[in-house]
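Beneath this line is the structure, given in structure tokens, with notes to follow.
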Amino acid sequence: MAPTREMSLETKERIVKLLEEGNPSRMVAKDVGCSQSAVSKIWTKYKQHGMVVKAKRTGRPRKTSKRQDKQLKEVGVNVCDRTVRNRLKEMGFQYRKAKRKPALTPKHKRTRLQWAKERQSWTVDDWMKVVFSDESRICIGQGDDAGTFVWCRSSEIYEEACLKKTTKFPQSLMIWGCMSGKGTGEMTVVNSSINAQVYIDILDSFLIPSIEQMFGDDEIIFQDDNASCHRAKTVKAFLEERHIQSMSWPANSPDLNPIENLWWRLKKMVHKKGPTSKADLATAIKESWHQIDAEYCLSLIKSMPHRLKAVIKAKVILRAP
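Under UniProt numbering, the final residue of the sequence shown carries the number 321; numbering is consecutive throughout.
Below, the structure is given as structure tokens:
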């Protein structure tokens, strides 16, 4: 467990002041943003010492002065890796895995911003009327992208128990699925490449029943991305014939589609089942899909206003030069 950050002297003095004024510890804890137990400990120490006690610094003695911290890049300051990491943490840096993000052109950025602004007034109820869809490929052994860590000696790194085995061309299946705030819709394994006619067959066999099951006769908005087979004239005509309103979608924007989060969970669930063949993989996918609860889908839909706010908030970064 990481050590908790030491409370500032000013915060401790405020806690004591509020308690002396007769405020209950529960209200004081809420006011300063800490636990009730922390308030009780500070009050107990205050009564014991008659003053607010500043905690003693723990850990190794500081290796550098504040002045030397500014000179770490200069020759002559002999410090270890740990000291450098500690100073970076003090300055607010954190060591983390880099976030993945699609490469966006200036045109993509303008389109994303415009799309977000046009829908910034939408409520969760508005987003509840949207059916999100997508295709995804699931591989055997996929689902552990964060990496596997093992404890071993340097002489044991190639031992069987310490390896994460990979295959050059893993067996995989392409699937199509849809979801809304009411839960998951239909999902199917796609055994061929997807062209306009194959996509129409998928929509007819799986999207239409999903809409009827989740919404009945109510009007919905259908979302899919800008893949060429999705934007074919025959597909557009099919949707118009079925009186299904299609949502425009900014290119290269999987981060705006909540079904991407659903794919991540699905792949994790499939990975835990440990399929070893395509038949096992297909069974694991279908079982896992039906195990995804409506509560999770609803939480993804509720995140839509926040996703749009994030795009709009980043407008300075997204503005084309």
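Virtual Cβ for every residue (Gly too), placed ideally from N, Cα, C.
Just so it is clear, the structure is predicted and the values come from calculations on it, not from any experiment.
Beta-carbon within less than 6 Å of residue i's beta-carbon, same chain only, minus the 5 sequence neighbours each way: which residues are those?
i, result
"W127", "I301, M304"
"S180", "V131, M214"
"I259", "F132, D134, M179"
"A232", "A196"
What distance in whole Å lies between the Cβ atoms of residue j and residue i, which are believed to be in contact at a cut-off of 8 Å?
i, j, result
"R119", "L308", "6 Å"
"P250", "W115", "5 Å"
"V131", "I220", "5 Å"
"I292", "T184", "5 Å"
"K273", "A284", "4 Å"
"Q171", "I211", "About 32 Å; that fails the 8 Å criterion."
"I175", "S136", "6 Å"
"K278", "L173", "7 Å"
Exposed or buried, what is residue i when buried is set at 16 or more other beta-carbons lying within 10 Å of its beta-carbon?
i, result
"H271", "buried"
"L266", "buried"
"W264", "exposed"
"L113", "buried"
"N191", "exposed"
"D145", "At D145 the pLDDT is 48, less than 50, meaning the model places this residue with poor confidence; the figure from the coordinates comes in the next sentence. Exposed, since its Cβ has fewer than 16 Cβ neighbours within 10 Å."
"G216", "exposed"
"G177", "buried"
"Q245", "exposed"
"I138", "buried"
"N257", "buried"
"S288", "buried"
"P321", "Unreliable placement is indicated for P321, whose pLDDT of 32 sits below 50; no coordinate value is reported for it."
"D224", "buried"
"E186", "buried"
"P24", "exposed"
"E20", "exposed"
Apart from the five residues on each side of it in sequence, which residues of its chain come closer than 8 Å, Cβ to Cβ, to residue i?
i, result
"V235", "A196, Y199, I200, L203, C229"
Following the continuous beta strand (DSSP E) through residue i, name the residue where it begins and the one where it ends.
i, result
"T188", "183-190"
"C229", "Careful: C229 lies outside any beta strand (DSSP E) and carries neither H nor E."
"Q223", "221-223"
"R137", "130-139"
"M179", "172-180"
Name the two residues that bound the continuous alpha helix (DSSP H) containing residue i.
i, result
"W43", "36-49"
"W115", "106-118"
"V52", "Premise fails: V52 is in no alpha helix (DSSP H) and is neither H nor E."
"M304", "304-313"
"S25", "25-32"
"I211", "208-215"
"H290", "278-291"
"M269", "259-273"
"I202", "196-202"
"I15", "9-20"
"N252", "No alpha helix (DSSP H) contains N252, which DSSP labels as neither H nor E."
"R85", "81-90"
"W127", "124-127"
Quick one: is the Cβ of residue i within less than 8 Å of any heavy atom of the ligand MN?
i, result
"G50", "With respect to the ligand MN, the structure shown offers nothing to examine, as it has no ligands at all."
Leaving out five residues before and five after residue i in sequence, what residues of the same chain have Cβ atoms less than 7 Å from its Cβ?
i, result
"N261", "L300"
"E10", "none"
"D280", "none"
"K117", "I312"
Between residue i and chain C, is any beta-carbon pair separated by less than 9 Å?
i, result
"F93", "Note that chain C does not occur in the displayed structure, where there is just one protein chain."
Notebook entry, point to check: So, do the region 195-211 and the region 151-165 have three or more beta carbon pairs nearer to each other than 8 Å?
Noted result: no
Check: Does the region 102-110 come close enough to the region 252-268 that 3 or more CB-CB pairs lie under 8 Å?
Finding: Contact between the region 252-268 and the region 102-110 is present: three or more C-beta pairs spanning the two stretches fall below 8 Å.
Item checked: Meets three-Cβ-pair contact criterion under 8 Å: the region 11-22 and the region 37-44 -> yes
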